[in-house]
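So the number in the numbering used here is just where the residue sits in the sequence shown, counting from 1, plus 35.
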Amino acid sequence: MAAERVKDVGILAMDIYFPPNCVLQEELETHDGVSKGKYTIGLGQDSMAFCTEVEDVISMSLTVVKTLLKNYNIDPKCIGRLEVGSETVIDKSKSIKTWLMQIFEECGNTDIEGVDSSNACYGGTAALFNCVNWAESNSWDGRYGLVVCTDSAVYAEGPARPTGGAAAIAMLIGPNAPISLESKFRGSHMAHVYDFYKPDLASEYPVVDGKLSQTCYLMALDSCYKTFCKRYEKIEGKPFSIVDADSFVFHSPYNKLVQKSFARLYYNDFLRNCSIVDKDSREKLEPYLGLSSEESYQSRDLEVCQQVAKPLYDTKVQPTTLIPKQLGNMYTASLYAAFASVVHNKHDALVGQRIVMFSYGSGMTSTMFSFKINEGQHPFSLTNIASILDISNKLESRHVVPPKKFVEALKLMEHRYGAKDFVTSQDTRLLVPGTYYLTHVDSMYRRFYAVKGDTAATPVTNGH
Ligand SMILES: CC(C)(COP(=O)(O)OP(=O)(O)OC[C@H]1O[C@@H](n2cnc3c(N)ncnc32)[C@H](O)[C@@H]1OP(=O)(O)O)[C@@H](O)C(=O)NCCC(=O)NCCS
Numbered sequence: 036m037a038a039e040r041v042k043d044v045g046i047l048a049m050d051i052y053f054p055p056n057c058v059l060q061e062e063l064e065t066h067d068g069v070s071k072g073k074y075t076i077g078l079g080q081d082s083m084a085f086c087t088e089v090e091d092v093i094s095m096s097l098t099v100v101k102t103l104l105k106n107y108n109i110d111p112k113c114i115g116r117l118e119v120g121s122e123t124v125i126d127k128s129k130s131i132k133t134w135l136m137q138i139f140e141e142c143g144n145t146d147i148e149g150v151d152s153s154n155a156c157y158g159g160t161a162a163l164f165n166c167v168n169w170a171e172s173n174s175w176d177g178r179y180g181l182v183v184c185t186d187s188a189v190y191a192e193g194p195a196r197p198t199g200g201a202a203a204i205a206m207l208i209g210p211n212a213p214i215s216l217e218s219k220f221r222g223s224h225m226a227h228v229y230d231f232y233k234p235d236l237a238s239e240y241p242v243v244d245g246k247l248s249q250t251c252y253l254m255a256l257d258s259c260y261k262t263f264c265k266r267y268e269k270i271e272g273k274p275f276s277i278v279d280a281d282s283f284v285f286h287s288p289y290n291k292l293v294q295k296s297f298a299r300l301y302y303n304d305f306l307r308n309c310s311i312v313d314k315d316s317r318e319k320l321e322p323y324l325g326l327s328s329e330e331s332y333q334s335r336d337l338e339v340c341q342q343v344a345k346p347l348y349d350t351k352v353q354p355t356t357l358i359p360k361q362l363g364n365m366y367t368a369s370l371y372a373a374f375a376s377v378v379h380n381k382h383d384a385l386v387g388q389r390i391v392m393f394s395y396g397s398g399m400t401s402t403m404f405s406f407k408i409n410e411g412q413h414p415f416s417l418t419n420i421a422s423i424l425d426i427s428n429k430l431e432s433r434h435v436v437p438p439k440k441f442v443e444a445l446k447l448m449e450h451r452y453g454a455k456d457f458v459t460s461q462d463t464r465l466l467v468p469g470t471y472y473l474t475h476v477d478s479m480y481r482r483f484y485a486v487k488g489d490t491a492a493t494p495v496t497n498g499h
């Protein structure tokens, strides 16, 4: 089987886990003393997920792998490759993948290739490409690949703090997938910049030049789009414009940047004279034809592009924004959570469609690539994936925490980061049964986790 040419390699199944705690951006605005609307309208965010001291990127990834295997009834022996994308450093040597091996060792499966990939928010995409390339290669042995994106995004007090978030996503990879990669259509842009980085190994917080990271993101987007369009044109013999994809999914540090990004693609199509740009819009954009690209990144006036692109944004992008607006930036998981949002919103109506993805990791690494949506066979149908993702239920059952408690949780985590010899509160009241949690770290920095049992959770009151 491995020697045969396989078809439609891509994502067969997905699951998502995020912490049960969130803080409302509106309440955070008041708490931080910023102007009303700065986080909700200015950044476009609704709420933000965060881990408390009993959860971290390891526990979240253990939880999501376990639930994916259970929900789709996959035998752990059928996994042949496991790749993790994460930028949350818990150990400078031991990969998160090795933690996940516990699940497979129990069933006697230790023959699993793959380790962690790390470069800011791009690691999940690197992990996905590794798994897909493996399944398309001569070394594929017929088993499934598994990609896990897991991150907890936390920032020091200041303007970047409301752009945190947390989640883990698992994706099962194999041939005949309902979500297959159109591997020939791709464009990458990689370069050396200091826009967001984590040089202080004693702190979980990044050093971030927010404005520069915005410009770098948009420059990378332009460059990837140009290469993507060129490849498409070469292969298909006709130009590509935003009309040729049904959805655009962007890495989402915060929603405003996603709005700007789609407008940027529209602007690119305008500059390339694509017919998608109607006469009216063309007239509105013509005054900006002479802008240098550097000027165009900074120009306030060019916001007119967001207005003219709005109707297309509403159909092609809006359905992808649900989870990122609710959870915040999940770093490596952010792009795939946006993709999960469109699966949740549209499921089997997506069959036959093309979805363009833009992955960005500061530093910087970025790729634009595309998925083709196919009819999947049960349990790998879009409708079943949407039902297992169970997004509405998971979002609605979250516990809203006042900003003061969120800040306290972050303070405790600052203290615990890189520490040894401590026991957590083991307060699992908010966790659903089957969730992994951190119990203690011993004098040799070894971390210990337990799984919340199936006994009914102690009821907790939602609110403050
Ligand atoms: C994004 C970031 C730079 C914003 O911080 P800031 O400089 O304090 O915010 P700004 O003053 O620019 O305000 C943000 C936006 O809200 C708007 N805004 C501010 N107050 C507002 C209000 N009361 N109502 C509505 N909008 C408001 C601003 O006009 C701005 O919009 P614009 O981007 O269209 O210009 C900061 O949150 C950050 O650094 N985040 C991390 C970024 C990151 O993670 N990068 C790496 C991954 S790509």
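Here a beta-carbon is modelled for each residue, glycine too, at the ideal position from N, C-alpha and C.
Quick one: give me the first and last residue of the alpha helix (DSSP H) that residue i is part of.
{"i": "M448", "result": "438-451"}
{"i": "L163", "result": "158-170"}
{"i": "C259", "result": "245-271"}
{"i": "N56", "result": "Looking at the DSSP string, N56 is not in any alpha helix (DSSP H); the run it does join, the beta strand (DSSP E), is 56-59."}
{"i": "I420", "result": "417-424"}
{"i": "Y301", "result": "290-306"}
What's the C-alpha gap between residue i and residue j?
{"i": "G193", "j": "Y301", "result": "32 Å"}
{"i": "P494", "j": "Q341", "result": "Residue confidence for P494 is low, a pLDDT of 37 falling below 50, so the modelled location carries little weight; the figure read from the coordinates is stated next. The alpha-carbon atoms of P494 and Q341 are separated by roughly 45 Å."}
{"i": "I76", "j": "P288", "result": "14 Å"}
{"i": "K127", "j": "E239", "result": "13 Å"}
{"i": "I420", "j": "N211", "result": "15 Å"}
{"i": "G199", "j": "G272", "result": "42 Å"}
{"i": "T400", "j": "S153", "result": "11 Å"}
{"i": "E410", "j": "T262", "result": "29 Å"}
{"i": "V189", "j": "R40", "result": "43 Å"}
{"i": "I423", "j": "F374", "result": "14 Å"}
{"i": "E217", "j": "Y471", "result": "35 Å"}
{"i": "A170", "j": "E90", "result": "32 Å"}
{"i": "P437", "j": "P54", "result": "15 Å"}
{"i": "L473", "j": "A444", "result": "15 Å"}
{"i": "Q388", "j": "M49", "result": "18 Å"}
{"i": "K233", "j": "A155", "result": "9 Å"}
{"i": "P414", "j": "V293", "result": "32 Å"}
{"i": "K345", "j": "L103", "result": "36 Å"}
{"i": "I277", "j": "I311", "result": "7 Å"}
{"i": "V2", "j": "E141", "result": "Only positions 36 to 499 of the chain appear in the structure, and residue 2 is not among them; the question remains open."}
{"i": "M403", "j": "V44", "result": "17 Å"}
Between which residues of its own chain and residue i is the CB-CB distance below 8 Å, once the five residues before and five after are set aside?
{"i": "K455", "result": "V476, D477, S478, M479, Y480"}
{"i": "G143", "result": "K112"}
Excluding the five sequence neighbours on either side, which residues of its own chain have a C-beta within less than 6 Å of the C-beta of residue i, listed in chain order?
{"i": "S258", "result": "H224"}
{"i": "D230", "result": "D244, L247, S248, C251, S397"}
{"i": "L320", "result": "F305"}
{"i": "M36", "result": "Low confidence applies to M36: its pLDDT is 48, below 50, so where it sits in the model is not reliable, and the reading given next is rough at best. Hits under 6 Å: G177."}
{"i": "E61", "result": "T75"}
What does a CB cutoff of less than 7 Å around residue i pick up in its chain, not counting 5 residues either side in sequence?
{"i": "A368", "result": "G159, C184, T185, D186, A202, A203, I204"}
{"i": "A372", "result": "I51, A202, I204, I358, P359, L362, M365"}
{"i": "G498", "result": "Note that G498 has pLDDT 35, beneath the 50 cutoff, so the model's placement of it is unreliable and no number is given."}
{"i": "K407", "result": "S215, E217, R389"}
So the beta strand (DSSP E) residue i belongs to, where does it begin and stop?
{"i": "I214", "result": "214-225"}
{"i": "S96", "result": "It is not in any beta strand (DSSP E) - S96 instead sits in the alpha helix (DSSP H) that spans 92-106."}
{"i": "S276", "result": "Premise fails: S276 is in no beta strand (DSSP E) and is neither H nor E."}
{"i": "V189", "result": "Neither: V189 is in no beta strand (DSSP E) and is coded neither H nor E."}
{"i": "Y52", "result": "45-52"}
Which of helix, strand or coil does DSSP assign to residue i?
{"i": "V435", "result": "strand"}
{"i": "L136", "result": "Before going further, note that residue 136 is Met rather than Leu in the sequence given. Reduced to three states, the DSSP call for M136 is helix."}
{"i": "H66", "result": "helix"}
{"i": "F85", "result": "coil"}
{"i": "E410", "result": "coil"}
{"i": "V377", "result": "helix"}
{"i": "A485", "result": "strand"}
{"i": "V476", "result": "strand"}
{"i": "E118", "result": "strand"}
{"i": "T356", "result": "coil"}
Between residue i and ligand 2, is there a pair consisting of the residue's CB and a ligand heavy atom that are separated by less than 7 Å?
{"i": "F231", "result": "Ligands in the displayed structure: ligand 1; ligand 2 is not one of them."}
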